[in-house]
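Residues in the sequence shown are numbered consecutively from 8, following our numbering.
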Amino acid sequence: MTSLIKIVSKDFDLPESISDSQLRDALVKTFEYLVDDDFQKLLQILYKADVDQYKLKELLEHAEGKSTAEIIADAYIERQQAKVETWKKYSQA
8 MTSLIKIVSK
18 DFDLPESISD
28 SQLRDALVKT
38 FEYLVDDDFQ
48 KLLQILYKAD
58 VDQYKLKELL
68 EHAEGKSTAE
78 IIADAYIERQ
88 QAKVETWKKY
98 SQA
């Protein structure tokens, strides 16, 4: 299990063997549901993951050809990947 999947699994129930594209697809579907049916939980997940709300707002305002859920999923994955990279950098020190 990669570090990214480990960290994402803290917020979502995911299989251990999932590819990056499957991970993104699963998150897009989950965020579609949350946007429509549980917006408060969506906000909690994004806050817990420390997704920059201002950056996300800007991405959503200037989105072309992507759904809201895709933009949120990409921003969430990007933030979680940044955490993984930071941990790797400082664990090697």
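Virtual Cβ for every residue (Gly too), placed ideally from N, Cα, C.
- For Lys17, no alpha helix (DSSP H) encloses it, and the DSSP letter there is neither H nor E.
- Contact check between the stretch 34-52 and the stretch 66-84: three or more CB pairs, one atom from each, fall below 8 Å, which counts as touching.
- Note on geometry: alpha-carbon atoms of Glu68 and Ser24 lie some 34 Å from one another.
- Per DSSP, Ala70 is not a residue of any alpha helix (DSSP H), being assigned neither H nor E.
- Looking from the CA of Tyr54, the closest CA among Val91, Ser10, Gln87 and Lys95 belongs to Gln87.
- Excluding sequence positions up to five before and after Ile79, its CB lies within less than 6 Å of the CB of Phe38, all in the same chain and listed in chain order.
- With fewer than 16 other Cβ atoms inside 10 Å of its own Cβ, Tyr61 counts as exposed.
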